[in-house]
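Participant: Protein chains in written order, with my numbering: chain E, 8 to 332; chain A, 173 to 464.
Beta carbons: idealized from backbone N, C-alpha and C, even for Gly.
1. Is the beta carbon of residue 225(E) sitting closer than 9 Å to the one on residue 128(E)?
2. Which of the three DSSP states, helix, strand or coil, is assigned to residue 315(A)?
3. With 16 as the cutoff for other CB atoms within 10 Å, does residue 222(E) come out buried or exposed?
4. Is the separation between the beta-carbon of residue 150(E) and that of residue 245(E) shorter than 9 Å?
5. Tell me the DSSP bridge mates of residue 301(A)?
6. Just checking my contact of residue 235(E) with residue 166(E) at CB under 8 Å: how many whole Å lie between their CB atoms?
7. Just verifying my parser: in three-state terms, what is the DSSP assignment at residue 14(E)?
8. Distance, Cα to Cα, residue 316(E) vs residue 24(E)?
9. Output, in chain order, the set of chain A residues within a Cβ distance shorter than 8 Å of residue 258(E).
10. How would you call residue 307(A), buried or exposed, if buried means at least 16 neighbouring beta carbons within 10 angstroms?
11. Determine the burial state of residue 258(A): buried for a count of at least 16 other Cβ atoms within 10 Å of its Cβ, exposed for fewer.
12. Flag this pair as touching only if the stretch 411 to 423 of chain A and the stretch 203 to 213 of chain A have three or more C-beta atom pairs under 8 Å; answer yes or no.
13. Could you check whether residue 324(A) and residue 220(A) sit closer than 9 Å to each other, using their CB atoms as the reference points?
14. At a CB-CB cut-off below 9 Å, which residues of chain E make contact with residue 406(A)?
15. Buried or exposed: residue 439(A), going by 16 or more other Cβ atoms within 10 Å of its Cβ?
16. Around the Cβ of residue 328(E), are there at least 16 other Cβ atoms within 10 angstroms (buried) or fewer (exposed)?
17. Between residue 210(E) and residue 196(E), what straight-line distance do the alpha-carbon atoms span, to the nearest angstrom?
18. Are the stretch 402 to 413 of chain A and the stretch 343 to 360 of chain A in contact at 8 Å, needing three or more beta carbon pairs?
19. Under 8 Å: do the stretch 179 to 190 of chain E and the stretch 79 to 90 of chain E share three or more Cβ pairs, one atom per stretch?
20. For residue 282(A) versus residue 295(E), is the C-beta distance shorter than 9 Å?
21. Which residues in chain E sit within 8 Å of residue 199(A), going by Cβ to Cβ distance?
22. From residue 449(A) to residue 442(A), what does the alpha carbon distance come to, in whole angstroms?
23. Report yes if the CB atom of residue 102(E) is closer than 9 Å to the CB atom of residue 231(E), and no otherwise.
24. Tell me the DSSP secondary structure of residue 330(E) in three-state form.
25. Beta carbon of residue 187(A), beta carbon of residue 425(A): below 9 Å?
26. So is residue 322(E) buried or exposed if we call it buried at 16+ other beta carbons inside 10 Å?
27. Taking only beta-carbon atoms, is residue 423(A) less than 9 Å away from chain E?
28. Measuring straight from C-alpha to C-alpha, what distance separates residue 379(A) and residue 269(A)?
29. Run through chain A and tell me which residues come within less than 7 Å of residue 137(E), C-beta to C-beta.
30. Indicate the three-state DSSP secondary structure (helix, strand or coil) for residue 9(E) in the structure shown.
31. From residue 75(E) to residue 205(E), what does the alpha carbon distance come to, in whole angstroms?
32. Give me the Cα-Cα distance between residue 183(A) and residue 317(A), rounded to the nearest whole angstrom.
33. Looking only at C-alpha atoms, which of 277(E), 100(E), 111(E), 69(E) sits nearest to residue 553(A)?
34. Would you give the residue range spanned by the alpha helix (DSSP H) that residue 421(A) belongs to?
35. Using only CA atoms, which one of 47(E), 303(E), 283(E), 241(E) lies nearest to residue 153(E)?
36. Contact defined as beta carbons within less than 8 Å: I believe residue 286(A) pairs with residue 291(E). What is the distance between those atoms, to the nearest angstrom?
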């Protein structure tokens, strides 16, 4: 029964922890310093990108590298609707439009490409980032003759609250998507696409729609992130790092549990804020090393590792034979 | 000759000169993907690494860039073999199936990309570097090309043909071709599969290295230049049919000519044009022009 599921211990404790963290985050501007508010905004941005990436790629097994495209489209929609000369539309409306815009493009791209299997899809989405970057470059260079754009200033607390709102919406969407029939269909695609198609799942539709939903959050996050940037050009907006970092964060955190990607995002976004400006090369170098180590030795991420250790402790320290169950 | 014919000749030869490098880069990636099953996104970083090494060896030590081919090629070959023996072999042992290996090896190659690129940034800095070698004009039918471009084309074709002969005629080459078709059956027939895969990865890296040495003669170098060539290589191997070595060689020239034609109208659109071709190709004929 549904009520039994929602009142069971398995839901209650994580639910309470989640609410406490949310309450702490929602009141942060009251007690936190400006630095902390800005830091947590960055962390939330990466958490949104990571969770929305996992929403599609984690379940379906299709490696998407298009995150930077959808995020960048959100940034550019902001530059058009929120120029520093005055906002054309209210901030929240722009965020929604950016989300929808990214979503529509994702639906188009998805409908075209999600028939492609595995490696082709990864290659295609990676190329998409470069194509969009080059097209915007060309457009700014040859058509609009505007090099570098500026977005209007927005109060840091407002940016923070909108980012937090998008983050909560992303996590809730992921949570309910996973529990729905739709999420089940997506996971069955990830396990065995032919079998899923045989039992009557409309595989293309499920993949395309989920891809579209995940792009909504990426675009919305991009739109609000744009107000934090002082200078925007295609290289800033469509940086391939926005495609790679969420993948690393998700792998490092572990995709088996909903909080895995969030933990990965928190750790890396924090490290990035601390080290990127001062030691950019060392930061990116360690990023590469950690990515390889995580792929080799942490197949289920940090969360998987912790669960494994907890399992061993519960079995009295001799749980070698249970380690992989 | 009339102006328009000179222009067409200009663009066609320019395309061939560019295509030689693309062919070499793509052949390397095709070996790594077609045989070793690693879609190596750090491929371009080996080009960058070799190009910068040539720059340093030439400007600091004073070694002739062409001599660098026989120094840097083998070194990068060894790096490639070692990488496969350690990292990619380990990944293939751990992966439950072929698809999982494809995904984990792509991600590992992204890791390599960041490692190599940032080591280069630490070593050489973020500025553009260039040197001048064989930089005088040669007149071909009214159009003038710099001599180093012609030398690059000559070496690219020689390396490509040489490697193809190696694959076709030698015992190891036969092993490689067998492994490309069916790794399991090949290993049953007595091919040391781990060795062949590591060799292929090494040869692939070495070709990127040779391309880097050659290309450093004609372009300014920057530690973040690699990605662009990885991307071009991916397009060419899809164009030529994934895993087909002759296909990627010819595909390189085709892309070079297309690039020159687009650049003739608007140089800033050539990468975008590559991608559009690639997109259409993936959707219409994912097996590539020469794929079976």
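Facilitator: Here's the rundown:
1. Judged by beta-carbon spacing, residue 128(E) lies beyond the 9 Å limit of residue 225(E), meaning their Cβ atoms are not closer than that value.
2. Of the three classes helix, strand and coil, the one that applies to residue 315(A) here is strand, per DSSP.
3. So residue 222(E) counts as buried.
4. Going by C-beta atoms, residue 150(E) is not nearer than 9 Å to residue 245(E).
5. Bridge pairing for residue 301(A): 393(A) [DSSP].
6. Right, the Cβ-Cβ distance comes to about 6 Å (below 8 Å), so this counts as a contact.
7. In this prediction, residue 14(E) scores a pLDDT of 47, lower than 50, which makes its location untrustworthy; no coordinate-derived value is stated.
8. Rounded to whole angstroms, the gap between the alpha carbons of residue 316(E) and residue 24(E) is 21 Å.
9. Within 8 Å of the CB of residue 258(E), the CB atoms of chain A belong to 279, in sequence order along the chain.
10. Flag for residue 307(A) reads exposed.
11. It counts as exposed.
12. With the cut-off at 8 Å, the stretch 411 to 423 of chain A and the stretch 203 to 213 of chain A touch.
13. For residue 220(A) and residue 324(A), no; Cβs fall outside 9 Å.
14. Within chain E, the residues near residue 406(A) are 130, 133, 134.
15. When all chains shown are included, residue 439(A) counts as exposed.
16. Low confidence applies to residue 328(E): its pLDDT is 44, below 50, so where it sits in the model is not reliable enough to give any reading.
17. Those two C-alpha atoms are separated by around 7 Å.
18. Cβ pair count under 8 Å is below three, so no.
19. Because the criterion of three Cβ pairs below 8 Å is not met, the stretch 179 to 190 of chain E and the stretch 79 to 90 of chain E do not touch.
20. Yes.
21. The contacting residues do not exist; residue 199(A) stays about 18 Å from chain E at best.
22. Distance from the CA atom of residue 449(A) to the CA atom of residue 442(A), rounded to whole angstroms, is 11 Å.
23. Taking 9 Å as the cut-off, the Cβ atoms of residue 102(E) and residue 231(E) count as close.
24. Residue placement at residue 330(E) is flagged as unreliable, the pLDDT there being 43, under the threshold of 50; the coordinate-derived value follows with that caveat. Three-state DSSP puts residue 330(E) in coil, outside helix and strand.
25. For residue 187(A) and residue 425(A), yes; Cβs fall inside 9 Å.
26. So residue 322(E) ends up on the exposed side.
27. No, residue 423(A) does not count as interfacial toward chain E.
28. Their Cα atoms are separated by approximately 29 Å.
29. Under the 7 Å cutoff, chain A gives 403, 443, 447.
30. Residue confidence is low: residue 9(E) scores 44 on pLDDT, short of 50, so the model does not pin down where it sits. Its coordinate-derived value is still stated next. Helix.
31. Their backbone Cα atoms lie some 34 Å apart in a straight line.
32. When the Cα atoms are used, residue 183(A) and residue 317(A) turn out to be separated by approximately 11 Å.
33. Residue 553(A) lies beyond the range of chain A shown here (173 to 464); nothing can be said about it.
34. Here the alpha helix (DSSP H) through residue 421(A) covers 417 to 437.
35. Residue 153(E) has its Cα closest to that of 241(E), out of 47(E), 303(E), 283(E), 241(E).
36. Right, the Cβ-Cβ distance comes to about 5 Å (below 8 Å), so this counts as a contact.
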